[in-house]
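The next block holds one structure in the form of structure tokens; read it before the comments.
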Amino acid sequence: MANGENRKRVAGYALGMVHEAAWILGMTALALSMAFLAEAIWR
Amino acid sequence: MIVRPRLDDHLVIGKYTGKVIVGVGLLMIIPLAVSLGFSEWDTAVDFVISIAACLIFGSGTQLFCRTEKDMNWSHGLAVASGAWVWATALGCLPHYLSGHAGSYLDALFDVMSGYTTTGLYLLQDLDHIANGLNMWRHLLTYAGGQGIVVVALTFLFKGTSGAYKLYVGEGKDERLLPNVVQTARAIWLVSLTWLGVGTLALTATGLYLGQSPVRAFFHGMWVFMGAWSTGGFAPQSFNTFWFHSLTYEVVCIVVMIAGSFNFALHWAMWTGDRKEIRKNIETISMFVTLTLTTLIATFWLAKANVYPDAMSLFRKVFYQIVSGHTTTGFSTIYARAFVTQWGPVGLVAATIAMAIGASACSTGGGIKGIRMGIISKAVLQDIRRMISPESALISQKYHHIRNVWLDDGLVRTTLTITVAYVTLYGVATVVGVLCGFPLDQAAFEAVSAASNTGLSCGITTPAMPAVMKVTYILAMWLGRLEFMSVFALGGYLWSVVRGR
Amino acid sequence: MMERIPRMFAALALGTALLAAAAPAFAQDVFPPNKPDSTELINHMNVPGDITKGLFWNGKTITFHGEAIGEVMVRGDYAWIHLNDDAYMLENVEEGAELQGYNSGMAVWIPAALTKQIDTYGDYQHEGSIVEVQGVFNGACKEHGGDMDIHATALQMLRPGHVVVDPVPPWKAALAVGLSALAVLLFWLERKYRHVIRPNRGV
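Protein chains in written order, with the numbering used here: chain A, 8 to 50; chain B, 481 to 980; chain C, -16 to 186.
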């Protein structure tokens, strides 16, 4: 019982971390597209 | 009337300061072990001397300041800010004894920079320093990111009375859990889990990039510590430019931004509230300001034609801007390249990013996302008031973990701290200008120090005038502790001299 | 038996003298300064203050020497090395080099086979080999995500590296022992008297 709850908690931590990383990678992708846009406009 | 502190007050402050310093001494056991492992005997002896000095100070003050009196608010604030001074003065002994610091002041500068997670450094010949000393540089920045008082709270304090006051004194005021010691432990859980995962990711990348296993591991751990604590130290003088790798940079970006998040946000995400990241005022604020500053720098540098293609434009601009905005201070360009390749607009964009900085209750510095958010909301509210009929009641709320209504008291304290930051930026800039540096560069470097970022455009060097070193040390200290506890310490000292 | 001791001292003294004579020899090696050196490569703009005009040395073939620092990172047929042409190139601080500011150097992208000649990379316990490379300087390299680097095609060894010893000075050892003893004493005293509080001191 306690073991199952523990596993659930740890899974929650891991999922939380993955969500955080996904948000950050989303920002990174946005910046990448900005760079391509800037290149397309000025060159 | 100012009340002169009684003997009791001195005893309380002394006792708790002593406890924190013992904690700093115990922390040095880790770099000592690393030194011994690499047979760096001279460095190991430096650490033995420094540990002994910390224990003598810590045990000595506790021995002479025995009291059962509890801390009140002003004690807590004075201990927090005072402990940082002593922890710096004693924590810089390994730097000083290594012979790589030009003076004791330089060593102080480096350690204050480490604790405050700034990342500016004055150590010379960094490429030839001992692994033990590198371990200490990165460990103290990692510990400083959580807050050295939080470190002591977790491991050395048995009771919780007074602990919350110390915790707030160090610039953190979120309670993730009802009890402050539990909160400190939750912060450690988040930090240590990220440490494990991040070090693993960077070590694996390092191995793939051609590093030997031992170097890949230590560099991975140190770079993680520099990134997570938004510190910005790295083991080589080339900083993260050393690795020449998109993968390494992306992992660093993830860790830097994650490190700049509010611990309350981490905790909410980890305990199931996963929509928080899209609703939180701080992530929204960061999204807006990071996008804007990246946009300015990207378009300006694209127009100036400094970087040859979109990919290099992205890698150079986004990395430096993220590093600035999260107040980390990693760079993949040379310090002077901010002047010779980024030019004035690039400098200004990076300066704005640094000035705004990370989230509150994170490891980062700067004005902080929550204040930017609250001020924007307050301005919005005022505008809505202006265009609405006089009788209308305009209320405004923001979301941080839960919905909070804006009231004038909150806006006022927010503005007070923001004005304090802007003033600090201004004063430190003026000192730079008076020492003969151009305005844009002096502003960049001053904001970098006061927002605990650590990017440099080449002004910070061991040859810099001592007055600037002292200014930057004070700026780092004030900026990290968010003024209040330093003012409390100042008030305490003043009352000792002038009180009745 | 008694005679041996002075002889041992003499041998020790001779050894020390030889070491002392050998150590500065590293510093006496003279290499003409790089033209351009790393500082100039970073700082020299075509038109000062105008970044759109680019760095002066961008795209030019240069000869550059420095101490190989840290490690070689092999990536397929090529490798990254870093050459420092700073004040610590000949000897490091532990050997008595004067503190003269930060490290300064250049990243070099070079065929991995050429790096085999480099016997030592500089760190705390080593002074790296000094090598010279010829190649093209890139202010912002297209191949490497805008990195400032030198794409080298040739490498010559100028001076092999050496091991650096950092002995513990006797005063430091004595200080460590003395302070440790005092620390242990105070730590013990504090534990012992922690709960002995004079009545007027508590609240």
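All C-beta atoms in this analysis are idealised placements derived from N, C-alpha and C, irrespective of residue type, glycine included.
What you are looking at is a predicted structure, and each value in this text was computed from that prediction instead of being measured.
Between the C-alpha atoms of residue i and residue j, what's the straight-line distance to the nearest angstrom?
i: ALA784 of chain B; j: THR774 of chain B; result: 15 Å
i: ALA946 of chain B; j: LEU22 of chain A; result: 49 Å
i: GLY84 of chain C; j: LYS949 of chain B; result: 15 Å
i: VAL151 of chain C; j: ASN552 of chain B; result: 46 Å
i: THR896 of chain B; j: VAL902 of chain B; result: 10 Å
i: VAL703 of chain B; j: LEU487 of chain B; result: 45 Å
i: TRP981 of chain B; j: GLU650 of chain B; result: With chain B running from 481 to 980 in the structure shown, residue 981 of chain B is simply not present.
i: PHE537 of chain B; j: ILE529 of chain B; result: 12 Å
i: THR769 of chain B; j: TYR878 of chain B; result: 17 Å
i: ILE93 of chain C; j: ASP60 of chain C; result: 9 Å
i: GLY906 of chain B; j: ALA835 of chain B; result: 11 Å
i: LEU172 of chain C; j: ALA164 of chain C; result: 12 Å
i: VAL565 of chain B; j: ASP68 of chain C; result: 37 Å
i: LEU138 of chain C; j: ASP20 of chain C; result: 17 Å
i: VAL76 of chain C; j: HIS48 of chain C; result: 20 Å
i: THR894 of chain B; j: ARG851 of chain B; result: 6 Å
i: LEU666 of chain B; j: ALA817 of chain B; result: As written in the sequence, residue 666 of chain B is Ala, which differs from the Leu given in the question. Roughly 40 Å separates the two Cα atoms.
i: SER515 of chain B; j: PRO715 of chain B; result: 15 Å
i: TYR176 of chain C; j: THR940 of chain B; result: 47 Å
i: ALA943 of chain B; j: SER965 of chain B; result: 31 Å
i: PHE697 of chain B; j: TRP521 of chain B; result: 22 Å
i: HIS178 of chain C; j: THR541 of chain B; result: 15 Å
i: ALA790 of chain B; j: GLU46 of chain A; result: 6 Å
Taking C-beta to C-beta, are residue i and residue j nearer than 9 Å?
i: SER539 of chain B; j: VAL502 of chain B; result: yes
i: GLY430 of chain B; j: SER936 of chain B; result: Nothing about residue 430 of chain B can be reported from this structure: the residues present for chain B run from 481 to 980 only.
i: ARG484 of chain B; j: GLY979 of chain B; result: yes
i: ASP102 of chain C; j: GLY53 of chain C; result: no
i: VAL648 of chain B; j: ALA560 of chain B; result: yes
i: GLU762 of chain B; j: GLY853 of chain B; result: yes
i: GLY122 of chain C; j: GLY42 of chain C; result: yes
i: ALA922 of chain B; j: ALA955 of chain B; result: no
i: ALA838 of chain B; j: HIS880 of chain B; result: no
i: LEU104 of chain A; j: THR771 of chain B; result: With chain A running from 8 to 50 in the structure shown, residue 104 of chain A is simply not present.
i: ALA840 of chain B; j: GLY849 of chain B; result: yes
i: ASP586 of chain B; j: LEU606 of chain B; result: no
i: GLY938 of chain B; j: GLY846 of chain B; result: no
i: THR820 of chain B; j: SER928 of chain B; result: no
i: ARG434 of chain B; j: PHE713 of chain B; result: Shown here, chain B extends from 481 to 980; a query on residue 434 of chain B therefore has no answer.
i: SER709 of chain B; j: GLN626 of chain B; result: yes
With distances taken from CA atoms, which of the options is nearest residue i?
i: ASN719 of chain B; options: C:ALA159, C:ASP20, C:ASN86; result: C:ASN86
i: MET705 of chain B; options: B:ARG758, B:VAL768, B:THR673; result: B:THR673
i: ALA567 of chain B; options: B:VAL514, B:LEU904, B:THR940, B:TYR595; result: B:TYR595
i: MET749 of chain B; options: B:MET834, B:THR807, B:HIS699, B:LEU656; result: B:LEU656
i: ILE113 of chain C; options: C:PRO15, C:ALA51, C:GLU78, C:ALA159; result: C:ALA51
i: PHE741 of chain B; options: B:HIS490, B:GLY690, B:GLU654, B:PHE697; result: B:GLU654
i: SER725 of chain B; options: C:ILE25, C:ALA70, C:ALA164, C:TRP63; result: C:TRP63
i: LEU827 of chain B; options: B:THR807, B:ASP920, B:ALA900; result: B:ASP920
i: LYS15 of chain A; options: B:THR751, B:ALA908, B:THR807; result: B:THR751
i: ALA95 of chain C; options: C:LEU24, C:GLU81, C:ASP33, C:VAL55; result: C:VAL55
i: ARG1037 of chain B; options: A:GLY11, A:TYR20, A:ALA28, A:ALA18; result: The requested residue 1037 of chain B is not part of the displayed model; chain B covers only 481 to 980.
i: VAL735 of chain B; options: B:TYR787, B:ASP605, B:GLY678, B:ALA558; result: B:GLY678
i: ILE628 of chain B; options: B:TRP668, B:ILE609, B:PHE589; result: B:TRP668
i: VAL630 of chain B; options: B:LEU613, B:LYS652, B:GLY612, B:LEU886; result: B:LYS652
i: LEU570 of chain B; options: B:HIS555, B:PHE589, B:GLY556, B:GLY582; result: B:PHE589
Strictly by DSSP, which residues pair up with residue i?
i: ARG142 of chain C; result: C:ILE113
i: PHE47 of chain C; result: C:VAL116
i: LEU66 of chain C; result: C:ALA51, C:MET89
i: ASN883 of chain B; result: B:HIS879
i: LEU38 of chain C; result: C:MET28
Excluding the five sequence neighbours on either side, which residues of its own chain have a C-beta within less than 7 Å of the C-beta of residue i, listed in chain order?
i: VAL797 of chain B; result: THR774, ALA777, THR778, LEU781
i: ARG184 of chain C; result: Low confidence applies to ARG184 of chain C: its pLDDT is 48, below 50, so where it sits in the model is not reliable enough to give any reading.
i: THR547 of chain B; result: ASP488, LEU491, VAL492, LYS495
Please go through the same chain and pick out, in chain order, the residues whose beta-carbon is closer than 8 Å to the beta-carbon of residue i, but skip the five residues on each side of it.
i: GLU729 of chain B; result: THR720, PHE723, ARG795, TYR799, THR812
i: ILE(-12) of chain C; result: In this prediction, ILE(-12) of chain C scores a pLDDT of 49, lower than 50, which makes its location untrustworthy; the coordinate-derived value is nonetheless stated afterwards. Within the same chain, ILE(-12) of chain C has no close Cβ partners at all.
i: LEU886 of chain B; result: ILE854, LYS857, ALA858, GLN861, SER875, GLN876, LYS877, TYR878
For residue i, collect the residues of the same chain with a Cβ closer than 6 Å to its Cβ; drop the 5 residues on either side in sequence, then sort them by chain order.
i: GLY711 of chain B; result: THR597, GLY599, THR621
i: ILE531 of chain B; result: GLY505, MET508
i: LEU680 of chain B; result: none
i: HIS746 of chain B; result: VAL670
i: LEU969 of chain B; result: ALA558, SER561, GLY562
Quick check: is any heavy atom of the ligand COA less than 8 Å from the C-beta of residue i?
i: ASN614 of chain B; result: Within the structure as shown, the ligand COA is missing, as the structure has no ligands at all.
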